[in-house]
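Before any comments, here is the structure.
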Amino acid sequence: MWCYRGGSISTEPRINDRIRVPEVRLVGPSGEQVGIVPLAKALELAQEYDLDLVEVAASARPPVCKLMDYGKFKYESAMKAREARKNQAHTVIKEMKLRPKIDPHDYDTKKGHVVRFLKQGDKVKITIMFRGREQSRPELGYRLLQRLATDVEDLGFIESNPKQDGRNMIMVLGPHKKKTEAMAEAREAQAARKAEAKANPGKSQNHTGDDLPEVDDVDAETAEAPAEASAEA
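Here our numbering is used: the first residue of the sequence shown is 232, the next is one more, and so on.
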């Protein structure tokens with residue numbers, strides 16, 4: 232009786248002498264169809280081309296095999312996967328909390344944070360917090376939310392209209408720019424700063440960008456962050 236005793240199951244394709252079939256449907260190095268040939272003949276051709284015989288469709292009858300440089304293929308596949316992970320978008324919902332009677336300086340500060348979040352391609356949940364008698368004046372919060380939406384309309388749009396939620400009023404802004412676009416622009420800006428610093432080594436180190444985190448590192452932190460990041464008033 233067969234019993235599985237653990238261990239990982241290999242997902243690697245069979246190559247060269249690990250292929251155990253009498254014949255294969257062979258594909259040449261440039262993708263040309265060679266046809267169905269005996270396994271021995273396919274292995275002989277692999278030696279002539281100084282390539283590997285790689286089983287690319289094991290379930291086919293007969294299995295499909297291709298002549299290729301398997302080491303180079305694995306390397307290129309790993310690089311493509313790495314690039315795909317680097318460009319993967321992780322949209323985060325940020326939260327900004329304001330009071331209905333916020334003073335102009337604090338409003339400008341909060342708006343600056345909202346602008347930065349939208350530029351990064353993230354959504355922003357705006358929460359107006361009412362206290363005491365302020366709860367009887369919901370129009371103050373509504374007007375503040377509308378003002379903020381108007382001030383940042385070139386970067387974002389109202390994804391969820393203002394609505395009352397207990398003592399709070401909530402609105403969600405969505406970015407016009409996709410997360411992937413924001414990430415690409417951030418990388419370009421970082422590369423430009425480094426190029427400028429290299430071209431002008433006499434400038435202050437504060438302007439080189441070398442002390443800034445790499446974009447990939449920032450993305451990794453964002454991906455592991457909770458769905459909402461809060462910045463309270």
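Beta carbons: idealized from backbone N, C-alpha and C, even for Gly.
For THR358, the residue or residues it bridges with in DSSP: LYS328, ILE401
Closest Cα partner of PRO194 within the set SER308, GLN264, THR358: What the structure shows of the chain is the stretch from 232 to 464, and residue 194 is not part of that stretch, so it cannot be assessed.
Which first and last residues belong to the alpha helix (DSSP H) in which ASP396 is found? That residue, ASP396, is in no alpha helix (DSSP H); its beta strand (DSSP E) goes 387 to 396.
Relative to the C-alpha of ASP300, which residue among LYS325, GLU279, MET402, MET327 is closest? GLU279
ARG347, enclosing alpha helix (DSSP H) - first and last residue: Per DSSP, the continuous alpha helix (DSSP H) segment holding ARG347 begins and ends at 335 to 350.
Would you mind reading off the limits of the beta strand (DSSP E) that contains GLU286? 283 to 288 is the span of the beta strand (DSSP E), which, as asked, contains GLU286.
Inter-stretch contact (C-beta, 8 Å, three-pair minimum) for the region 330 to 346 and the region 370 to 390: At 8 Å Cβ cutoff, the stretches touch.
To the nearest whole angstrom, what separates the beta carbons of ARG418 and GLN366, a pair I think is in contact under 8 Å? The Cβ separation is near 46 Å, so there is no contact.
Can you list, in chain order, the residues of its chain whose CB lies under 6 Å from that of ARG256, leaving out five sequence neighbours each side? ILE267, PRO293, VAL295
In this structure, does DSSP put GLY266 in helix, strand or coil? strand
Close-in-space but distant-in-sequence residues of the same chain around VAL346 (CB under 7 Å, 5 per side omitted): Excluding its 5 nearest sequence neighbours in each direction, VAL346 has C-beta neighbours in its own chain below 7 Å: VAL383, LEU386, listed in chain order.
Among PHE304, SER391, ALA430, which has the Cα closest to the Cα of GLU243? PHE304
Once the 5 residues before and after GLU390 are set aside, which same chain residues still bring their CB inside 8 Å of it? LYS354, VAL403, LEU404, GLY405
Going by Cα to Cα distance, which pick from GLN395, ARG362, ARG364, GLY363 is closest to LEU178? In the structure as shown, the chain begins at 232 and stops at 464. Residue 178 is therefore absent and cannot be evaluated.
Would you identify the three-state DSSP class for ARG256, choosing helix, strand or coil? strand
When the Cα atoms are used, what is the spatial distance from LEU443 to LEU282? Residue confidence for LEU443 is low, a pLDDT of 38 falling below 50, so the modelled location carries little weight and cannot support an answer.
Buried/exposed call for GLN351, threshold 16 Cβ in 10 Å: buried
Start and end of the alpha helix (DSSP H) containing LYS410? 410 to 430
Exposed or buried, what is LYS297 when buried is set at 16 or more other beta-carbons lying within 10 Å of its beta-carbon? buried
Whole angstroms are fine: how far does the CA of MET310 sit from the CA of ILE324? Each residue's alpha carbon lies about 30 Å from the other.
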